[in-house]
Amino acid sequence: MQKLKLVVVGNGMAGMRAVEELLKIAPDLYDITVFGAEPHPNYNRIMLSPVLAGEQKFEDIILNDLAWYEENGIRLHLGKKVLKINRKERVAEAEEGFSVEYDRLLLATGSSPFILPIPGRDLDGVIPYRDISDTQAMIDAAEKYRKAVVIGGGLLGLEAANGLRQRGMDVTVVHLAPWLMERQLDRTAGRMLQRELEKRGLEFMLERKTEALLGKEGRVCGVKFSDGEEIPADLVVMAVGIKPNTQLAESAGIHCNRGIVVDDTMQTFDPKIYAVGECVSHRGTSYGLVAPLFDMAKVCANHLAMMGIGRYAGSYTATKLKVTGVDLFSAGNFDGDEHSEEIVLNDAAGGVYKKITIRDGKIIGAVLYGDTVDGQWYFRMLKEKQDIGELRGHLMFGESHLGNAGHEGRVQASNMTDDMEVCGCNGVCKGTIARAIKEKGLFTLDEVRKHTKASSSCGSCTGLVEQILASTLGGGYSPKTSAEKPVCACTEHTHDDVRCAIRDEKLLSISETMAFMNWKTPNGCATCRPALNYYLISTWPHEAADDPQSRFVNERVHANIQKDGTFSVVPRMYGGITNPKQLHKIADVAEKYNVPMVKVTGGQRIDLLGVKREDLPAIWADLDMPSGYAYGKSIRTVKTCVGTEFCRFGTQDSTGLGIMLEQAFDRMWAPHKVKMAVSGCPRNCAESTIKDVGIIGVDSGWEIYVAGNGGIKAEVSQFFVKVKTREEAMEYSGAFLQLYREEAYYLERTVHWIGRVGLDYAKSRIVENDENRRALYQRLLYALSGERDPWKNIVESTKKPLFESLVVEA
Amino acid sequence: MENWHKVCELADIPQLGARVVKGKNCDIALFRDAGDRIYALHDRCPHKGGPLSQGIVGNGRVTCPLHGMTIDLEAGRAVSPDEGCTDRFEVKIDQGIVYLLV
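So the protein lines, in turn, are chains A and C.
The number in the working numbering is simply the position in the first sequence, starting from 1, with 14 added.
The number in the working numbering is simply the position in the second sequence, starting from 1, with 227 added.
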């Protein structure tokens with residue numbers, strides 16, 4: 015079959031990302047021709063500032079080298095401008111009479127710096143700051159000349175000024191507005207930034223309008239302001255803004271309004287022509303940051319591949335300044351209006367300023383200076399329009415004030431040196447991460463995880479890695495929230511999409527779900543298959559097929575895999591209560607099978623470690639105790655204290671309730687592991703306040719707390735409801751667990767789920783709605799009815815292929 | 228001297244699953260993909276020695292259960308950007324019987 019012809023005008027980050035995405039999903043659909051006006055392969059434009067500052071070389075920031083184009087059969091025309099599009103004949107006409115036919119055309123023409131229309135703008139030594147040749151011109155000028163003036167105190171201007179200063183020039187920044195970065199910062203933060211930059215030797219002239227550039231023998235020699243003052247200058251950098259490059263599209267009669275107007279599929283008014291990147295105007299907005307461009311590229315590729323799904327619905331953007339050691343963050347509408355309110359923290363001496371703008375109980379904007387640790391947290395809540403409700407009181411103190419485990423309690427990446435360890439699981443230092451981001455052209459958390467392994471194990475350093483990404487990429491970093499993210503690379507669909515489809519279409523198997531949702535890979539992967547399997551069995555208990563091959567090994571063999579490939583065996587001890595008979599049995603088994611280690615666990619039970627896979631069924635048979643599910647995304651334990659049975663302080667029978675809970679729910683699968691506890695008095699010896707569901711007995715009844723966590727991120731649970739009887743405690747806890755089972759994303763702990771949907775939501779479904787609570791509880795009991803002990807099942811089955819090895823027959 | 232040895236029936240290996248063969252020198256993992264192709268690899272992940280046979284199989288790959296490294300079954304090589312190899316063994320199916328060259 016004859017391939018279709020795709021012509022791409024523009025060899026920058028947006029255009030090439032669209033081509034990359036297209037090659038991923040439809041590698042053989044098109045013959046691709048790319049025109050690039052610059053004489054270089056695609057490079058990482060957001061790394062120009064580090065190149066200017068001398069921290070990075072041009073070769074390091076190339077994203078697609080020439081070999082890449084060749085390997086993918088792309089005809090690349092560098093240094094060749096497309097001058098005209100003949101839409102009738104479908105031909106792109108380039109310089110020197112060179113022309114190429116197309117079936118689809120992709121415009122990714124980017125933007126140009128805006129040059130002030132003032133006398134002297136054409137003099138030598140007056141340059142914009144946009145591409146690598148501008149950067150090189152500045153580097154060259156810094157070697158010969160002394161005095162630089164940067165016009166424009168925005169993001170780009172300040173990065174240019176900082177780079178030139180680091181190259182030894184005297185730099186003055188001229189700015190029209192009363193404070194720096196006025197579109198991203200309020201007055202206070204702008205002033206703090208100015209003071210910091212002044213300390214680094216930059217000079218500022220604010221509220222100055224440039225009237226003319228003065229020249230001598232064809233080269234710039236000074237800047238003249240509207241008030242008549244003149245200052246000397248050997249180099250003038252104009253960084254007053256950018257404008258989308260629309261000339262080519264306009265000359266072809268394609269509708270433009272500031273940018274090339276596209277719909278949500280990135281199609282222009284000519285259905286054969288698509289556009290992505292800084293050149294477009296989408297729903298009236300043009301974007302100059304890389305994250306939105308990548309989103310556009312993905313959607314565009316999907317439509318070019320004729321898959322016809324995916325819409326670009328616009329992006330929220332956040333800003334960071336890429337000046338080493340300056341920590342600022344800005345997002346949304348931080349100025350507010352008459353209906354908004356502000357929460358402000360201002361520690362001028364300490365160099366920290368934070369302002370959060372709130373309207374109708376939701377964050378609409380944030381400016382942070384000096385401490386941007388929580389920038390991504392606020393940004394996530396802003397994007398998700400999350401009700402801050404109960405968070406209000408400690409919003410200012412951030413998400414991480416309780417501290418994460420694994421990096422000496424450090425929560426601020428900017429205070430760390432390059433040789434400090436960020437990821438304690440995989441031993442990855444800050445410098446390694448920053449270097450990988452710059453040199454390998456990484457833009458997302460997932461990419462950093464893939465390339466450096468940082469944050470890919472327990473995830474406790476995710477916040478730090480995100481900060482390093484944000485400060486290295488500047489505005490280029492815009493993380494997706496879990497609600498926006500596709501389940502994995504096998505699909506474009508989010509967890510919510512998948513859950514809805516399974517429920518609404520009554521899908522009962524993985525293959526059916528993948529077919530219905532157009533999965534991109536034939537069998538899915540180790541990320542999506544377990545998720546789909548869980549969604550199926552939790553939505554349609556007793557009906558959907560549970561696929562063992564889509565379960566992680568632990569849940570397939572009902573034991574927990576260890577580093578050497580052996581397994582651990584943890585039998586249930588309901589409520590942490592045991593007796594001599596059980597202990598005898600465990601001791602006998604440990605001796606009989608030479609179990610290398612016997613350990614008392616934190617969950618009040620006994621773990622036999624180092625068991626061979628082949629021995630598991632025999633050990634289970636000898637133990638004759640139920641599985642403790644210590645390996646599953648399921649109820650682990652219900653920890654209890656002694657309670658009224660023996661304790662002189664106890665007010666309630668905590669062991670009794672703990673045993674009831676564990677016996678009722680012990681075979682429950684969940685999105686992630688679930689830990690529970692019951693304490694018999696407010697001394698809380700069972701540590702109920704760091705459990706997914708923690709109950710505390712008081713004289714007048716039981717207090718139920720939810721969404722606590724004691725692991726990676728210590729999180730104190732929140733008070734949910736107080737009830738009188740054990741039966742009520744069972745019903746409320748069960749209903750909470752069922753809501754979690756039905757609505758949380760796979761691998762989302764209760765703390766993260768409640769963080770996403772809000773405790774008020776869970777209360778509205780359970781505490782304030784009796785009928786709904788009872789229905790939830792009934793659904794949980796129905797799901798659990800008839801569920802057999804997995805160990806017993808295996809012991810009683812005649813064939814045990816999972817546990818028996820094959821032998822080579824002679 | 229290497230010879231073809233009978234190991235099991237195709238039906239003994241679950242689709243998108245694996246079985247372990249006790250070899251003379253090492254454990255060998257037999258993987259079966261959705262199209263009933265069988266692959267045989269040394270049952271040892273190049274990353275930290277995890278048992279690949281216990282991983283999740285799909286799209287011609289297996290994901291190691293210990294730390295999630297993904298191995299291409301055909302090439303016996305880690306999927307980029309990860310690096311590392313594990314030994315491959317020749318395997319064939321004849322009338323529903325799986326044979327291994329060892």
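Just so it is clear, CB atoms sit at the ideal spot from N, CA and C, and this is done for glycine as well.
Everything numeric in this text was worked out from a predicted model, so none of it was measured.
Check, Outcome
"Reduced DSSP secondary structure (H/G/I, E/B, other) of residue 721(A)", "coil"
"Alpha helix (DSSP H) segments (min. 4 residues) lying fully within the segment 516-594 of chain A", "524-530, 542-553 and 567-571"
"CB contact flag (residue 305(A), residue 390(A), <8 Å)", "no"
"Closer than 7 Å: residue 482(A) CB and nearest the ligand NAD heavy atom", "This structure does not include the ligand NAD; it has no bound ligands of any sort."
"Chain A contact residues for residue 239(C), given Cβ-Cβ distances below 8 Å", "815 and 820"
"Sequence-distant residues of its chain with Cβ nearer than 8 Å to residue 317(A) (five each side left out)", "279, 280, 281, 288 and 324"
"Proximal residues of chain A, C-beta to C-beta of residue 290(C) below 9 Å", "539, 540 and 541"
"Neighbourhood of residue 465(A) by C-beta distance below 8 Å, restricted to the same chain and skipping five residues each side", "450, 454 and 456"
"Cβ contact (3+ pairs, closer than 8 Å) linking the segment 97-116 of chain A and the segment 194-212 of chain A", "no"
"Closer than 7 Å at the beta carbon, the chain A residues around residue 277(C)", "579"
"is_contact[residue 252(C), chain A] using C-beta, thresh 8 Å", "no"
"Selection from 28(A), 616(A) and 526(A) that minimises the alpha carbon distance to residue 704(A)", "616(A)"
"Rounded separation between residue 260(C) and residue 760(A) - CA only", "25 Å"
"The segment 510-541 of chain A: positions lying closer than 8 Å to chain C by Cβ", "535, 536, 537, 538, 539 and 540"
"Limits of the unbroken alpha helix (DSSP H) element including residue 482(A)", "476-487"
"Contact under 8 Å by Cβ, residue 90(A) with residue 149(A)", "no"
"Chain C contact residues for residue 575(A), given Cβ-Cβ distances below 9 Å", "277, 278, 281, 292 and 293"
"Within-8 Å CB hit, residue 235(C) to chain A", "yes"
"Member of 265(A), 131(A) and 577(A) whose CA lies at the smallest distance from the CA of residue 275(C)", "577(A)"
"Closer than 8 Å at the beta carbon, the chain A residues around residue 269(C)", "Those within 8 Å of residue 269(C) in chain A number zero; the least Cβ separation is about 13 Å."
"N-terminal and C-terminal residue of the beta strand (DSSP E) that residue 435(A) is part of", "435-437"
"For residue 70(A): DSSP bridge partner residues", "According to DSSP, residue 70(A) bridges with nothing at all."
"Any chain A beta carbon closer than 8 Å to residue 319(C)", "no"
"Residues that residue 7(A) contacts on chain C, provided the C-beta gap is smaller than 7 Å", "Because chain A spans 15 through 824 in this model, residue 7(A) falls outside it and cannot be assessed."
"Residue 9(A), enclosing beta strand (DSSP E) - first and last residue", "Past the edges of chain A, shown from 15 to 824, lies residue 9(A), and the structure says nothing about it."
"Chain C contact residues for residue 823(A), given Cβ-Cβ distances below 8 Å", "232, 233 and 234"
"Under 9 Å by beta carbon: chain C residues contacting residue 750(A)", "What residue 750(A) touches in chain C: nothing, since even the nearest Cβ is about 30 Å away."
"Proximity of residue 371(A) and residue 379(A) at Cβ, strictly below 8 Å", "yes"
"Counted within 10 angstroms of its Cβ, other Cβ atoms place residue 216(A) as buried (16 or more) or exposed", "buried"
"Amino acids of chain C, ordered along the chain, whose beta-carbon sits closer than 8 Å to that of residue 563(A)", "241, 242, 243, 244, 283 and 284"
"Cβ pair count under 8 Å reaching 3, the segment 230-237 of chain A against the segment 253-260 of chain A", "no"
"Any C-beta of chain C under 8 Å from that of residue 567(A)", "yes"
"Strand pairing of residue 379(A), partner residues [DSSP]", "346(A) and 371(A)"
"Contacts of residue 327(C) in chain A (Cβ-Cβ under 8 Å)", "822"
"Residues bridged to residue 278(C) [DSSP beta-bridge criterion]", "Answer by DSSP bridge pairing: none, since residue 278(C) is not bridged."
"Residue from 701(A), 724(A) and 668(A) with nearest C-alpha to residue 712(A)", "668(A)"
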